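Numbered per full-length UniProt numbering, the sequence shown finishes at 590, counting up by one with no gaps. Think of the CB as a built atom: it goes at the ideal place given N, C-alpha and C, for glycine as much as any other residue. Keep in mind that this is a model prediction, so the values were computed, not measured.
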Amino acid sequence: MEERGNPNTDSNLLRKLIDLYSQVFASLPIENHCKNESYARILVRFAELKAIQEPDAACDDFYMARVNCKIFAFVHIAHAQYELFQVPTYSSQDSKSSKNHDGTGDIQSTSAISQGTPVVKEPRVVAQISTPYNVRSAYRQPGQNVSSTPYQPSTSFNQASCSQQFQQVPPPVHSNDCIVIKGKTYYVLKQIGRGGSSKVFQVLDHKKQLFAVKYVDLEDADNQTIESYKNEIEHLNRLQQHSDQIIKLYDYEMTNSYIYMLMECGNLDLNSWLRSKKAVNPLERKFYWKNMLEAVQTIHRHGIIHSDLKPANFVIVNASLKLIDFGIANQIQPDVTSIVKDSQVGTLNYMPPEAIKDDSSFGGKHRSKISPKSDVWSLGCILYCMTYGKTPFQHITNQITKLQAIIDPSYEIEFPDIPEKDLRDVLKRCLVRNPKERVSIDELLGHSYLQMQLQSDPESDEAAKYRYRSENLFDYGSLTIRAPWGFLVHGSLYHSQSPEAFFAHCPGVKIVIPRSPVQAKGLLLSCIEDKNPCIFFEPKILYRAAVEQVPVEPYHIPLSHAEVLQEGSDVTLVAWGTQVENPFNRSHNS
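Rendered as C-alpha cells:
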C-alpha cells in the first residue's frame, strides 16, 4: 500500500497505513515476535508514520521499538534520527520550561527547573539506560490549589536525570528514569501530575502495561502530611473492592524517606477534560454525574468523608470517572453523623459553608463541622461547572469576599435558565447552605435527572408505530437513518457504546449493521424499500479497513434472514457488524 503514494503528503494514505500497522500489532503480540527482524522493521516504520501524524506522541512508539527490539542496530539508528530532527535545542527547551502558569493568567518562573531538582530524589531510582529516551518536556501538569476553575496547568516540565551517586545536576532534555517498587522495574514515560510533596508519573512495566506511580517525598514532610498519605493508602485498599468508580491501588512501598503508590492509570482528569470542552455534551454530563455519585456513595457507606471533591480528583479511565486522592479524607466513627475539624482544608471554589463556619472553638483554635452532606455541596459545585462553565462563586476574585459569600444566606446563587429543568433542580438542591436541608447522595441517584426520558423520542413514538396506528393504511417506507457506528483508532473512549441495543427495544424499528462493503450496498437498498423505518449503522472502521469489489448494478439483501457463515452442531455464535469476523475466524481455528 505504501507504493500507492507518499504518506508525507497524502493524509488519507497515512491514516490507512497507521490503521493497518495497528491491526498487525493487535494480532501479533510484541512479546512473541520482538526478536524477529521483520517485526522490528514494522515497529520502526509504525513509529516513523506516527512521527508524521503526531511528532510528540511518536517518542513512545520509538521507545517501545528500542526496548523490545534492542538487538537490531537499525532500531537504535531510527530512534536517533527521530530525536535529531524532533527534539528542540537545549536553549529553546530551557526557554520554554522557564515559565509556569499559576492558574490566574500570570506567568511566573519555575524554581524547580532553575535549581535543577531531580525527578525523583530517593535511592530507588535506577541509573539511566545507556541510550537515553526522550520523554518530552512539554507535558501539561495541573497546578496546586488555585481558586479559579477549571485551573490553568503549567506549560512544561523537564525531567531531570538521577545518577547512582544521586547528585543534583542541571536537567537534561533526554532522560530515561526507571522506578523500582518491591523489586519490580517500571519505566517512566512522563510526569502527569504534581501537588505539594508528591508527583505522579505514567510508567510502563515489562509487559508493556501502563500504570500511574505516585511518588511522595517524605524527607521534609511533617507528621500530618505523612499521616494523610497513610490514610490514603488505607482508604484505597479498603474501598477499591467495593466499587469500580474508585481508582485501583495495585501495590505500594513505604519507607521513612519516600512512598511509592502503583495505581491504575487514567486517560485524563476531569478538570483537564472540562478545560478542553467549549460545551459539555448533556449525555456525557449525566453519565459522569452518575459515576461521581456512585463513587461518593461508596465512600460514605464505609464511613468516609472525602472533604476535597473537585474535578482534578476525578480521572477518566476507559470512558468512566473514578475517584482519586484521599489525602485529607476523614473517617466517621460508628453512630456519629459529623466530624469536627480543627482547620479548613479543601479547595475554596468547592468548599461547603459548614467547612468555613466557626461552629465552635477549642483551645483557641477555630473548628468546623462537616458531614457527608459536605461532599454533596462539592459535587453540586462540580456539576454547576459542567453546566455553566464556572463554579458558583468563581466570579468573586477576592478570597475574603468569596468566603463571606459562601456562608452568607442572603447571597443568592445564580441558576440561569437551561432546557434541562431536572438538572437545574439538582443544582438547587445540592447548593443549599443548611446541610440538614441539603439533598443526600441516595436521593440524587434516584432523582428524575438520571432517569432515561423515552417519551419524547420521535422515532419510537411516531415513526415506529405509524403502520400499527393506521392499521397498515400508511407506512413510513424509505425512512432510513444513516449513522456512523463503533470506534476506530483511539476512539473507544467516546465510541465504545452499543446504541443498537437501545433502538432494538423500539417496536417497529429495524436496526441494520453491515459487515462488509458488499453487504452495505445490498442492505441499504433493502432499508430504503422497506415499509418500516430503518436505522442503518455504518461501522466506521470499514470506511478504511474494508476493501471489496461491489457490483455496480442494484441488488438487495433480505433484512429478515440471518446470514449463516458456517454450519455447526455444537454451539451457535451470533454476531453483527465488524464483530462477525471474530467468531468466524475462531471457528476456523478451532
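Q | Beta bridge counterpart(s) of V200 as assigned by DSSP | A | As a working note, residue 200 is residue 200 in the sequence shown. V200 pairs with G193, K214.
Q. Short check: CB of G568 to CB of N532, under 8 Å?
A. Taking the sequence shown and counting its residues from 1, one reaches residue 568 at position 568. Taking the sequence shown and counting its residues from 1, one reaches residue 532 at position 532. No. Outside cutoff.
Q. To which residues of the same chain is K510 closer than 8 Å at the C-beta, ignoring the five residues directly before and after it?
A. In the sequence shown, counting from the first residue as 1, residue 510 sits at position 510. The residues are C527, D530, N532, P533, C534, I535, L559.
**Q.** Cβ-Cβ separation, T347 to K310 (assumed contact under 8 Å), whole Å
**A.** Indexing the sequence shown from 1 puts residue 310 at position 310. Indexing the sequence shown from 1 puts residue 347 at position 347. About 5 Å separates the two Cβ atoms, so the contact holds.
Q. Can you list, in chain order, the residues of its chain whose CB lies under 7 Å from that of Q53, leaving out five sequence neighbours each side?
A. Position 53 of the sequence shown, counting from 1, holds the residue named residue 53. Here the set comprises L14, I18.
Q) Hey, would you say residue 592 sits closer than 8 Å to L210, going by beta carbons? A) With the chain represented from 1 up to 590, any question about residue 592 goes unanswered, as that position is not in the structure.
Q. Using a Cβ-Cβ cut-off of 7 Å (strictly less than) and excluding sequence neighbours within five positions of I557, which residues of its own chain qualify?
A. As a working mapping, residue 557 is identified with position 557 in the sequence shown. Excluding sequence neighbours, I557 sits near Q519, G522, L523, S526.
(Q) Relative to the C-alpha of H235, which candidate in E284, R275, L268, F326 has its C-alpha closest? (A) To locate residue 235, count along the sequence shown from 1; it is residue 235. Of the candidates E284, R275, L268, F326, the residue whose Cα lies closest to the Cα of H235 is F326.
Q. Taking one C-beta from the stretch 441 to 448 and one from the stretch 386 to 396 each time, how about it: are there three or more such pairs within less than 8 Å?
A. no
Q.
Tell me which residue opens and which closes the alpha helix (DSSP H) that D425 is part of.
A. Counting from 1 along the sequence shown, the entry for residue 425 is found at position 425. Note, D425: alpha helix (DSSP H), 421 to 430.
Q.
On the criterion of 16 or more Cβ atoms from any shown chain inside 10 Å, does T387 qualify as buried, or is it exposed?
A. Residue 387 sits at position 387 when you count from the first residue of the sequence shown. T387 comes out buried.
(Q) Assuming the contact rule is C-beta atoms closer than 8 Å, V213 and D269 should be a hit. Round their C-beta distance to whole Å, please. (A) Stepping through the sequence shown from its first residue, residue 213 is reached at position 213. Stepping through the sequence shown from its first residue, residue 269 is reached at position 269. About 16 Å; that fails the 8 Å criterion.
Q. Would you call the CB atoms of P517 and G577 closer than 8 Å?
A. For the purposes of this step, residue 517 is taken as residue 517 along the sequence shown, with counting starting at 1. For the purposes of this step, residue 577 is taken as residue 577 along the sequence shown, with counting starting at 1. Contact flag unset, no.
Q: Would you tell me roughly how many angstroms separate the C-alpha atoms of V180 and I233, rounded to the nearest one?
A: Residue mapping note: residue 180 aligns to position 180 of the sequence shown, counting from 1. Residue mapping note: residue 233 aligns to position 233 of the sequence shown, counting from 1. V180 and I233: Cα-Cα distance of roughly 18 Å.
Q) Would E354 be called buried (16 or more neighbouring beta carbons within 10 Å of its own) or exposed? A) To locate residue 354, count along the sequence shown from 1; it is residue 354. By the neighbour-count rule (16 or more Cβ atoms within 10 Å), E354 is buried.
Q: Output the residue ranges of the beta strand (DSSP E) runs that lie fully inside the stretch 490 to 573 and measure 3 residues or longer, sorted by chain position.
A: 510 to 512, 534 to 539
Q: Taking only the alpha-carbon atoms, compute the straight-line gap between E500 and I481 and give it to the nearest angstrom.
A: Sequence index remark: in the sequence shown, residue 500 carries index 500 (1-based). Sequence index remark: in the sequence shown, residue 481 carries index 481 (1-based). The alpha-carbon atoms of E500 and I481 are separated by roughly 13 Å.
Q.
Below 8 Å on the Cβ atoms is my contact criterion, and I expect P419 with S371 to pass it. Report the Cβ-Cβ distance as a whole number of Å.
A. Working through the sequence shown from its first residue, we reach residue 419 at position 419. Working through the sequence shown from its first residue, we reach residue 371 at position 371. Actually they do not touch by this definition, with Cβ atoms about 33 Å apart.
Q: Using only alpha-carbon positions, find the residue among Y187, D422, W273, R433 that is nearest to K357.
A: On the sequence shown, residue 357 is found 357 positions in, with the first residue counted as 1. For the options Y187, D422, W273, R433, the alpha carbon positioned closest to that of K357 is the one of R433.
Q) Which word fits G380, buried or exposed, when buried means at least 16 other C-beta atoms lie within 10 angstroms of its C-beta? A) As a first step, residue 380 must be located in the sequence shown, where it is residue number 380. So G380 ends up on the buried side.
Q. What does DSSP give as the partner residues of K184 in its beta bridges?
A. Here the question's residue 184 lines up with position 184 in the sequence shown. The partner list for K184 (beta bridge, DSSP) reads I181.
Q | Continuous beta strand (DSSP E) stretch holding Y258: start and end | A | As a first step, residue 258 is located in the sequence shown; it is residue number 258 there, counting from the start. Taken as a continuous stretch (DSSP letters only), the beta strand (DSSP E) holding Y258 covers 258 to 263.
Q | Option nearest S374 by Cα separation, candidates S410, D417, V296, L249 | A | As a position in the sequence shown, residue 374 is number 374, starting the count at 1. Taking the Cα of S374 as reference, the smallest distance to any Cα among S410, D417, V296, L249 is reached at V296.
Q: Return the CA-CA distance between K35 and F287, expressed in angstroms with no decimal places.
A: Residue numbering aside, residue 35 sits at position 35 when the sequence shown is read from its first letter. Residue numbering aside, residue 287 sits at position 287 when the sequence shown is read from its first letter. Taking the straight line from one Cα to the other gives about 44 Å.
Q) Could you give the uninterrupted runs of the alpha helix (DSSP H) lying entirely in the stretch 266 to 331, keeping only those of 4 residues or more? A) As far as the stretch 266 to 331 is concerned, its whole alpha helix (DSSP H) runs of at least 4 residues are 270 to 275, 282 to 301.
Q. Is it the case that the Cβ atoms of I299 and M351 are separated by a distance below 8 Å?
A. Taking the sequence shown and counting its residues from 1, the one referred to as residue 299 is at position 299. Taking the sequence shown and counting its residues from 1, the one referred to as residue 351 is at position 351. The answer is no: Cβ separation not under 8 Å.
Q. Is W377 near R429, with beta carbons less than 8 Å apart?
A. As a working mapping, residue 377 is identified with position 377 in the sequence shown. As a working mapping, residue 429 is identified with position 429 in the sequence shown. Against a cut-off of 8 Å, the Cβ pair of R429 and W377 comes out as no contact.
Q. Under the three-state reduction of DSSP, which class applies to I481: helix, strand or coil?
A. By 1-based counting over the sequence shown, the position of residue 481 is 481. I481 falls in the strand class under three-state DSSP.
Q. Measuring CA to CA, which of N8, L565, L423 is closest to P282?
A. The residue given as residue 282 occupies position 282 in the sequence shown. Per the Cα distances, L423.
**Q.** Neighbour-count burial assignment, V44, 16 or more Cβ in a 10 Å radius
**A.** Walking along the sequence shown from the start, residue 44 turns up at place 44. With 16 or more other Cβ atoms within 10 Å, it is buried.
Q | Exposed unless 16 or more other CB atoms sit within 10 angstroms - verdict on I382 | A | On the sequence shown, residue 382 is found 382 positions in, with the first residue counted as 1. By the neighbour-count rule (16 or more Cβ atoms within 10 Å), I382 is buried.
Q) Can you tell which of N582, K70, A483, N12 has the C-alpha that lies nearest to the C-alpha of L565? A) Taking the first residue of the sequence shown as 1, we reach residue 565 at position 565. Nearest option by C-alpha distance: N582.
Q: Grab me the residues of I413's own chain with a C-beta within less than 7 Å of its C-beta, minus the 5 sequence neighbours each way, in chain order.
A: Here residue 413 is taken as the residue at index 413 of the sequence shown, counted from 1. Excluding positions up to five away in sequence, the list reads P392, L431.
Q.
Closest to V203 by C-alpha separation, out of Y63, A78, W289, would be which residue?
A. Your numbering for residue 203 matches position 203 in the sequence shown. Nearest option by C-alpha distance: Y63.
Q.
Using only CA atoms, which one of K50, D60, A40, A51 lies nearest to F74?
A. Stepping through the sequence shown from its first residue, residue 74 is reached at position 74. Looking at the Cα atoms, A40 is the closest of the given residues.
Q: Report the three-state DSSP secondary structure of D220 (helix, strand or coil).
A: The count along the sequence shown starts at 1 and reaches residue 220 at position 220. Residue state, collapsed to three classes: coil.
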